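Chemist: Read top to bottom, the protein sequences are chains A and B. Just so we're aligned, residue 76 is where the first sequence starts under the working numbering, counting upward by one. Just so we're aligned, residue 32 is where the second sequence starts under the working numbering, counting upward by one.
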Amino acid sequence: MVATLKRQYGSGIREASTYLGQNYMVADPSLIPEFLQVLRDQEQFDYCVDVTAVHYPQREKQFDVIWILYSYARNERIRVKTMIADGEIVPSSVAIWPAANWLEREVYDMFGIRFEGHPDLKRILLPEGWKGHPLRKDYGIIQQDNEWVQINLGIESGQ
Amino acid sequence: MTDRSSPLELEQADKTFLDSNELIINMGPQHPATHGVLRVILKLDGEKVLGTECVIGYLHRGVEKIAENRTYTMFNPYVDRMDYVAAVSNGLGYCEAVEKLLNVEAPPRANYIRVILTELNRLASHMLWLGTHALDIGAITPLFYTFRDREEILKIFEKYCGARLTTHAFRIGGCQYETYDGFEEDVKKFLKFVTPKIDEYEELLTTNRIWVERTRGVGFISAADCKGLGVTGPVLRASGVKWDLRKAQPYAAYSDFDFEIPTGENGDTFDRYMVRMQEMRQSLRIIEQAVGKIPDGPIMAKVPKVMKPPVGEIYHSIEAPKGELGYFIVSDGSTQPYRVRVRPPSFVNLQALDQMVRGQLVADVIAVIGTLDIVLGEVDR
Chain A
76 MVATLKRQYG SGIREASTYL GQNYMVADPS LIPEFLQVLR DQEQFDYCVD
126 VTAVHYPQRE KQFDVIWILY SYARNERIRV KTMIADGEIV PSSVAIWPAA
176 NWLEREVYDM FGIRFEGHPD LKRILLPEGW KGHPLRKDYG IIQQDNEWVQ
226 INLGIESGQ
Chain B
32 MTDRSSPLEL EQADKTFLDS NELIINMGPQ HPATHGVLRV ILKLDGEKVL
82 GTECVIGYLH RGVEKIAENR TYTMFNPYVD RMDYVAAVSN GLGYCEAVEK
132 LLNVEAPPRA NYIRVILTEL NRLASHMLWL GTHALDIGAI TPLFYTFRDR
182 EEILKIFEKY CGARLTTHAF RIGGCQYETY DGFEEDVKKF LKFVTPKIDE
232 YEELLTTNRI WVERTRGVGF ISAADCKGLG VTGPVLRASG VKWDLRKAQP
282 YAAYSDFDFE IPTGENGDTF DRYMVRMQEM RQSLRIIEQA VGKIPDGPIM
332 AKVPKVMKPP VGEIYHSIEA PKGELGYFIV SDGSTQPYRV RVRPPSFVNL
382 QALDQMVRGQ LVADVIAVIG TLDIVLGEVD R
């Protein structure tokens, strides 16, 4: 599978390897979402297990966006990873897997990564109007949006 | 007597009263049938549901952020607080994920203890689901029965590790505690006690006309939609997909046991009920096989006191009572995880609510929320 995909996309797939028995690929952000579409249609990865991100503030391309996919037919998992800079927009994969809807919303909520083409991209776990994206590394563990807490809860601090 | 025979007048009366209004109704977050703090905004036409929107996050505690500021060991008890009715499963998933990252394997004895406790927990979770689900639909009795019997499972947990709900039963590398004296007898006694009870629940519901009418054909979801929406667990199986991670990608000691994956055909609330009932029986089968042959040996693998997994990423998932529970852990080689992502089954399954209730009645929304078996602690994390 990797060989065919590599032939198809050339250097767009920067890395394809296995760690602890789990396969992953690092794809160029310009390949998303066609690459994901191909994985679903040609390689039968019909179940999008998870969409998530990791923040590396010291890197130039600060974020890893990760799709964890599973194929019922092959009983196989694969992780697709792409690296983006802060503020860069990722194409949404909701059209490919409806499951990505809430998952992408959560990534947006927690990291502030915007997904282009998402039907309703807004916060999901935190309230509307909250400032900051908690899972970024520069967001402190006891940090909160004081202003929001004071206005909406009528208390000085949530801590 | 008023003249009711004029169809024209009636039609007009209908128009002024029904046509103009789409009704937006708020349900929750404080509502006994939403199983926690779930808020659903319903768009209605009379009693018919035109669409829904879930508002979640009321129970958000930032578990993933906490993980980045704790060591691997310190984070272990936190996972129990997500799906608090199936805490043992959460612990199993997390411990196994970190073990994979550390490249250690729990000894066979520990794996057997893990399987027994996890399956007991699956039973407890399903019992709680059945009781509350039936209560929502209007049958009060099953709640008392299931809670009474679930108590016996919690007693075993309490005797094993001192806690009833948030058990923190497992440690990275195996189990902390050896089984107590009489553990096997207790479990065997419980199996004997509970087997006829499950038939008893079924007797109350399966052929009950009200139950059947309230569940059959309600909240239908097809197998293709389940796959697209990422729905897993009993909901997926009730739609006819024979997929269970315990069989598909066995973990712990599950490959040693003989059990079946119950499936449904229609993908409605009734089938999901039947699937879970059969799963309870399969769990009993697994426990019965496991408790008879717990191997001797150590219960803890050699794990360093200060855990520093090598740099890398791992995704590990298990079949929790609600579906696929996954942990995606990134290690940067230090004592604290760089990132822990929890893939919660309830969160993803809840996404299907909208599709399942569209075109149905308001009362069915309650039935569908119940049948999805969500735990808001896990949805919101």
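Glycine residues also receive a C-beta, built at the ideal position from the N, C-alpha and C atoms. In this text the structure is predicted, and so the values were computed from the model without any measurement.
As an exercise, report each continuous beta strand (DSSP E) stretch of at least 3 residues that is fully enclosed by the segment 77 to 161 of chain A, in chain order.
Modeler: List check, beta strand (DSSP E) in window: 88 to 94, 97 to 102, 122 to 130, 138 to 146, 151 to 159.
Chemist: Measuring alpha carbon to alpha carbon, tell me which of A/151, A/130, A/171, A/225 ends up nearest residue 183 of chain A.
Modeler: Ranking A/151, A/130, A/171, A/225 by Cα distance to residue 183 of chain A puts A/130 first.
Chemist: State buried or exposed for residue 386 of chain B, treating a residue as buried only when at least 16 other CB atoms are found within 10 Å of its CB.
Modeler: Label assigned to residue 386 of chain B: buried.
Chemist: Relative to chain B, which residues along the segment 76 to 96 of chain A have a C-beta separation below 9 Å, given in chain order?
Modeler: Correct list: 94, 95, 96.
Chemist: Are any of the Cβ atoms in chain B nearer than 8 Å to that of residue 147 of chain A?
Modeler: Chain B, which has a Cβ nearer than 8 Å to the Cβ of residue 147 of chain A, makes this yes.
Chemist: Enumerated in chain order, which unbroken segments of the alpha helix (DSSP H) with a length of 4 residues or greater are wholly contained in the segment 84 to 112 of chain B?
Modeler: Qualifying alpha helix (DSSP H) stretches, in chain order: 94 to 99, 103 to 110.
Chemist: Taking only the alpha-carbon atoms, compute the straight-line gap between residue 235 of chain A and residue 188 of chain A and give it to the nearest angstrom.
Modeler: No statement about residue 235 of chain A is possible, as the shown extent of chain A runs from 76 to 234 and does not include it.
Chemist: Verify the CB distance criterion: does residue 142 of chain B have a CB-CB separation below 8 Å to chain A?
Modeler: It does not: the Cβ of residue 142 of chain B has no partner Cβ on chain A nearer than 8 Å.
Chemist: Just tell me which of B/164, B/161, B/218, B/165 has its CA closest to the CA of residue 1 of chain B.
Modeler: The structure shown does not extend to residue 1 of chain B, since chain B spans only 32 to 412, so no value can be given for it.
Chemist: What would DSSP say about residue 348 of chain B, mapped onto helix, strand or coil?
Modeler: If DSSP states are grouped into helix, strand and coil, residue 348 of chain B belongs with the strands.
Chemist: Just by C-beta distance, which residues in the segment 113 to 129 of chain A are closer than 7 Å to chain B?
Modeler: Those would be 121, 122, 123, 124, 125, 127, 129, in chain order.
Chemist: From this set, B/337, B/344, B/391, B/349, which residue's C-alpha is nearest residue 366 of chain B's C-alpha?
Modeler: Among B/337, B/344, B/391, B/349, the Cα nearest to that of residue 366 of chain B is on B/337.
Chemist: Tell me whether residue 164 of chain A is buried or exposed, calling it buried when 16 or more other Cβ atoms sit within 10 Å of its Cβ.
Modeler: Exposed.
Chemist: If you measure from the beta carbon of residue 411 of chain B to each beta carbon in chain A, is any gap under 8 Å?
Modeler: Yes, residue 411 of chain B counts as interfacial toward chain A.
Chemist: Which value, in whole angstroms, describes the spacing of the CA atoms of residue 203 of chain A and residue 180 of chain A?
Modeler: Taking the straight line joining both Cα atoms gives about 12 Å.
Chemist: Less than 8 Å between the C-beta atoms of residue 353 of chain B and residue 264 of chain B, yes or no?
Modeler: A contact, by the Cβ cut-off of 8 Å.
Chemist: When you compare the CB of residue 258 of chain B with every CB in chain A, is at least one pair closer than 8 Å?
Modeler: Yes, residue 258 of chain B lies at the interface with chain A (some Cβ there is under 8 Å from its Cβ).
Chemist: Alpha carbon to alpha carbon, how far is residue 80 of chain B from residue 324 of chain B?
Modeler: Using only the alpha carbons, I get a separation of about 52 Å.
Chemist: Assuming the contact rule is C-beta atoms closer than 8 Å, residue 117 of chain B and residue 145 of chain B should be a hit. Round their C-beta distance to whole Å, please.
Modeler: The pair is not a contact, with the Cβ atoms about 14 Å apart (cut-off 8 Å).
Chemist: Going residue by residue through the segment 245 to 315 of chain B, where are the continuous alpha helix (DSSP H) segments of at least 4 residues, counting only ones entirely within it?
Modeler: Whole alpha helix (DSSP H) segments, 4+ residues: 254 to 260, 265 to 269, 276 to 279.
Chemist: For residue 201 of chain A, which residues in chain B fall below 8 Å Cβ to Cβ?
Modeler: Near residue 201 of chain A (Cβ distances below 8 Å), the residues of chain B are 88, 91.
Chemist: Please list, in chain order, the chain B residues whose beta carbon lies closer than 8 Å to that of residue 209 of chain A.
Modeler: Going along chain B in sequence order, the residues near residue 209 of chain A (Cβ under 8 Å) are 93, 96.
Chemist: Could you tell me whether the Cβ of residue 173 of chain A comes closer than 8 Å to any Cβ of chain C?
Modeler: Absent from the structure is chain C; the protein chains it does hold are A and B.
Chemist: Could you tell me whether any Cβ in chain B is nearer than 8 Å to the Cβ of residue 134 of chain A?
Modeler: Output row for residue 134 of chain A: interface = no.
Chemist: If you scan the segment 183 to 251 of chain B from start to end, which runs of the alpha helix (DSSP H) of 4 or more residues do you find wholly inside it?
Modeler: Those alpha helix (DSSP H) runs which fall completely within the segment 183 to 251 of chain B and span 4+ residues are 214 to 236, 240 to 246.
Chemist: Sort out for me which residues DSSP pairs residue 362 of chain B with in a bridge.
Modeler: In DSSP, residue 362 of chain B forms a bridge with B/343.
Chemist: Residue 148 of chain B and residue 119 of chain B: beta carbons closer than 8 Å?
Modeler: For residue 148 of chain B and residue 119 of chain B, yes; Cβs fall inside 8 Å.
Chemist: Could you tell me the distance, in whole angstroms, from the CA atom of residue 392 of chain B to the CA atom of residue 78 of chain B?
Modeler: Going from the Cα of residue 392 of chain B to the Cα of residue 78 of chain B covers about 5 Å.
Chemist: Can you tell me which of A/117, A/209, A/94, A/84 puts its alpha carbon nearest to the alpha carbon of residue 103 of chain A?
Modeler: Ranking the options by Cα distance to residue 103 of chain A, first place goes to A/84.
Chemist: What's the call for residue 171 of chain B, buried or exposed, on a 16-neighbour Cβ count within 10 Å?
Modeler: Answer is exposed; the Cβ neighbour count stays below 16.
Chemist: Between residue 249 of chain B and chain A, is there a C-beta pair that is closer than 8 Å?
Modeler: Cβ-Cβ to chain A under 8 Å: no for residue 249 of chain B.
Chemist: Hey, how far is the Cα of residue 256 of chain B from the Cα of residue 340 of chain B?
Modeler: Residue 256 of chain B and residue 340 of chain B: Cα-Cα distance of roughly 38 Å.
Chemist: Let me make sure I understand the geometry here. Which of A/201, A/133, A/111, A/161 has the alpha-carbon closest to that of residue 145 of chain A?
Modeler: When each option's Cα is compared against that of residue 145 of chain A, the closest is A/111.
Chemist: Apart from the five residues on each side of it in sequence, which residues of its chain come closer than 6 Å, Cβ to Cβ, to residue 331 of chain B?
Modeler: 204, 205, listed in sequence order.
Chemist: Out of B/233, B/156, B/308, B/299, state which residue places its alpha-carbon closest to the alpha-carbon of residue 178 of chain B.
Modeler: Nearest C-alpha to residue 178 of chain B: B/156.
Chemist: Run through chain A and tell me which residues come within less than 7 Å of residue 110 of chain B, C-beta to C-beta.
Modeler: Correct list: empty, because the minimum Cβ distance to chain A is about 16 Å.
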